[in-house]
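Only one structure is covered here, and it is reproduced in the block below.
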Amino acid sequence: MLEKTSEHIESLMVCEEAIRRQFEFSELEMLTEHTGDADPLREKEHEVVPGMINKYGNRVLCLLTAECAAYCRFCTRRRLVSDMENARIDKTHVDRWVSYLREHTEIREVIISGGDPFAADNDLFEYALGEISALDSIKVMRIGTRAPVSDPSLVTQRKLDVI
1 MLEKTSEHIE SLMVCEEAIR RQFEFSELEM LTEHTGDADP LREKEHEVVP
51 GMINKYGNRV LCLLTAECAA YCRFCTRRRL VSDMENARID KTHVDRWVSY
101 LREHTEIREV IISGGDPFAA DNDLFEYALG EISALDSIKV MRIGTRAPVS
151 DPSLVTQRKL DVI
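Residue numbers (my numbering): 1 to 163.
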């Protein structure tokens with residue numbers, strides 16, 4: 001997997017080895033028993049439309065972006081980070097998510113994740129949250145992010161206003 005860190009993470013890595021080890025490559029990752037498979041959570045087999053996973057019936061996971069401020073060595077979505085072009089999400093994907101949600105009113109919860117949703121383009125972030133939250137059947141929206149600890153500059157006022 002690629003290595004990527006933010007300036008914020010770089011500054012923390014200098015003082016904390018535990019933080020450094022979350023982001024720096026280790027030869028141990030190459031051992032057969034540690035390589036795992038590309039989709040350890042078996043998300044692809046539960047993907048109902050591109051970028052939307054319905055594994056539990058009443059909730060879905062929407063992968064808004066493959067981008068992150070930093071690439072964690074323990075990432076369970078390396079397949080996306082390794083294939084950025086094919087993992088790209090745009091408004092047409094969001095429209096397909098909304099169509100699916102309209103057809104499946106038993107879904108009450110949407111988890112926006114990725115990558116890191118705060119690394120997504122502002123317009124896409126706003127569009128996705130706005131379209132999904134407008135659905136009457138959706139009662140809970142969660143955002144899976146590490147941005148406040150990996151790159152606080154991604155937590156912009158515009159994104160906070162959307163939330």
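Glycine residues also receive a C-beta, built at the ideal position from the N, C-alpha and C atoms.
If you're wondering where the values come from, they're calculated on a predicted model, not measured in any experiment.
CB contact flag (Arg182, Glu126, <9 angstroms): In the structure as shown, the chain begins at 1 and stops at 163. Residue 182 is therefore absent and cannot be evaluated.
query: Roughly how many angstroms lie between the CA atoms of Ser99 and Asp116, to the nearest whole one?
result: C-alpha separation (whole angstroms): 23 angstroms.
- prompt: From Thr105 to Thr156, what does the alpha carbon distance come to, in whole angstroms?
  reply: Going from the Cα of Thr105 to the Cα of Thr156 covers about 32 angstroms.
field: As assigned by DSSP and simplified to three states, the class of Leu61
entry: In the structure shown, the three-state DSSP call for Leu61 is strand.
- prompt: Roughly how many whole angstroms lie between the Cα atoms of Thr65 and Phe118?
  reply: Roughly 9 angstroms separates the two Cα atoms.
message: Less than 9 angstroms between the beta carbons of Cys62 and Ile111, yes or no?
response: Inclusion of Cys62 and Ile111 in the CB contact set at 9 angstroms is warranted, their separation being smaller than that value.
field: Sequence-distant residues of the same chain with beta carbon closer than 8 angstroms to Val162, five excluded per side
entry: Hits under 8 angstroms: Phe125, Glu126, Leu129 and Gly130.
message: With distance defined between alpha-carbon atoms, name the residue in Glu47, Arg88, Glu43 and Ser26 nearest to Cys68.
response: For the residues Glu47, Arg88, Glu43 and Ser26, the minimum Cα distance to Cys68 belongs to Arg88.
- prompt: Which residues mark the beginning and the end of the beta strand (DSSP E) in which Arg108 is found?
  reply: For Arg108, no beta strand (DSSP E) encloses it, and the DSSP letter there is neither H nor E.
task: Put Ile132 into one of helix, strand or coil per three-state DSSP.
output: Ile132 falls in the helix class under three-state DSSP.
query: What does a CB cutoff of less than 7 angstroms around Leu12 pick up in its chain, not counting 5 residues either side in sequence?
result: Closer than 7 angstroms at Cβ, skipping near neighbours: Ile19.
query: Quick one: what does DSSP say Glu67 is sitting in, helix, strand or coil?
result: In the structure shown, Glu67 sits in coil (DSSP, three-state: anything other than H, G, I, E or B).
- prompt: How many angstroms separate the CA atom of Lys44 from the CA atom of Val60?
  reply: Going from the Cα of Lys44 to the Cα of Val60 covers about 13 angstroms.
message: With H, G and I counted as helix, E and B as strand and the rest as coil, what does DSSP make of Val98?
response: In this structure, Val98 counts as helix in the three-state DSSP scheme.
field: Pairwise C-alpha distance: Ile132 and Glu10
entry: Straight-line Cα distance between these residues: approximately 35 angstroms.
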